[in-house]
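Undergrad: Sharing a structure below in structure tokens format, with a few things to ask.
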Amino acid sequence: CVTDQASCGCCLMQQQIHRMKMFFNMSLNELEKELTKSKTVLNNIRSRSAFSVALTNEKNLNCFGPFRDDKLIAYKHVFINLGDGYSVDTGIFTVPRSGVYSLALTIYSDAGSPGNSLAACASLQVNGKVVSGPRERNMQDQEDSATIVVALHLKAGDKVAVNLPIGCFLCDDNSHYNTFTGFLLYATD
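Shown next, in the form of structure tokens:
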């Protein structure tokens with residue numbers, strides 16, 4: 001600023017404008033950071049994925065199988081289907097987002113009476129390939145159950161299902177002995 005009064009007022013005005021510009025730029029940067037955080041949180045909420053289903057919700061004990069061929073199990077009773085990744089029509093969970101998922105499978109069967117053949121078995125599959133499978137075949141007891149829990153890295157679009165192998169059967173009622181559950185532990189994309 002020059003030494004006369006007119007230039008001093010102009011100089012003060014320029015300094016004030018510069019300070020306001022700095023303040024608004026700082027505020028804009030902070031708002032942009034908050035917007036980015038909010039978009040990330042919203043994306044994480046939208047991509048939440050969890051399902052838990054049971055074979056049936058019938059009052060009386062009914063058995064599924066045995067069949068002459070392997071058959072995908074379509075669990076009909078839905079406890080939760082967050083993200084709508086599980087289809088009750090096909091029995092397939094389609095992975096919505098790449099990440100590490102926890103998958104659990106519990107099976108139960110009832111041979112009807114002691115001494116009858118018991119074949120409680122199923123296989124957890126990803127894209128048609130067996131990952132794991134509880135299996136109990138014997139004639140020693142009337143009832144049997146088994147559970148598996150695995151953590152798997154899955155890619156968006158992968159198909160996860162439970163297969164009932166030839167000769168196996170599962171029995172269930174509204175006590176929900178047979179369940180299939182999965183949820184996203186953390187995303188990797």
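Numbering-wise (my numbering), the sequence shown opens with residue 1 and increments by one. Glycine included, each C-beta is placed from N, C-alpha and C at the ideal position.
(1) For Gly85, tell me which candidate among Phe79, Lys76, Val95 has the shortest Cα-Cα distance.
(2) Let me know the secondary structure DSSP gives Val41 once reduced to three states.
(3) Only counting the same chain, and skipping five residues up and downstream in sequence, which positions put a Cβ closer than 6 angstroms to that of Ser161?
(4) Pick from Gly9, Phe67, Ser38, Thr106: whose alpha carbon is nearest that of His176?
(5) Could you tell me which residues DSSP puts in a beta bridge with Thr90?
(6) How many angstroms separate the CA atom of Val78 from the CA atom of Met26?
(7) Look up Glu143 in the DSSP assignment and say whether it is helix, strand or coil.
(8) Between Arg68, Leu61, Val88, Leu31, which lies nearest to Val53 when the distance is taken from Cα to Cα?
(9) Okay, do the segment 37–55 and the segment 145–158 touch, 3+ Cβ pairs below 8 angstroms being the bar?
(10) My output table needs one value for Lys159: the three-state DSSP class, helix, strand or coil.
(11) For Ala74, which residues in the same chain have their Cβ closer than 7 angstroms to its Cβ, ignoring the five residues on either side in sequence?
(12) Do you know how far the Cα of Thr188 is from the Cα of Lys243?
(13) Let's test the definition: count the other Cβ atoms within 10 Å of the Cβ of Ser123 and tell me whether it reaches 16, buried, or not, exposed.
TA: The relevant details are as follows:
(1) For the purposes of this step, residue 85 is taken as residue 85 along the sequence shown, with counting starting at 1. Among Phe79, Lys76, Val95, the Cα nearest to that of Gly85 is on Val95.
(2) Along the sequence shown, one-based indexing puts residue 41 at 41. The answer is helix: DSSP assigns Val41 an H, G or I state.
(3) The sequence position of residue 161 within the sequence shown is 161, counting from 1. The amino acid occupying residue 161 in the given sequence is Ala; Ser does not appear at that position. The residues are Leu72, Gly91, Ile92, Gln125.
(4) Counted from its first residue, the sequence shown places residue 176 at position 176. Looking at the Cα atoms, Thr106 is the closest of the given residues.
(5) If you number the sequence shown from 1, residue 90 lands on position 90. Partner(s): none; Thr90 has no beta bridge.
(6) Against the sequence shown, residue 78 aligns to sequence position 78. Against the sequence shown, residue 26 aligns to sequence position 26. CA-CA distance, Val78 to Met26, rounds to 49 angstroms.
(7) Reading the sequence shown from its first residue, position 143 is the one you call residue 143. Under the three-state reduction of DSSP output, Glu143 falls in the strand class.
(8) Looking up residue 53 in the sequence shown gives position 53. Of the candidates Arg68, Leu61, Val88, Leu31, the one whose C-alpha sits nearest the C-alpha of Val53 is Val88.
(9) As far as the Cβ criterion goes, the segment 37–55 does not touch the segment 145–158, which means the pair count is below three.
(10) Reading the sequence shown from its first residue, position 159 is the one you call residue 159. DSSP places Lys159 in strand when its eight states are reduced to three.
(11) To locate residue 74, count along the sequence shown from 1; it is residue 74. Hits under 7 angstroms: Val88, Asp89, Thr90, Gly91.
(12) The structure shown does not extend to residue 243, since the chain is modelled only from 1 to 189, so the question has no answer here.
(13) On the sequence shown, residue 123 is found 123 positions in, with the first residue counted as 1. By the 10 Å Cβ count, Ser123 comes out buried.
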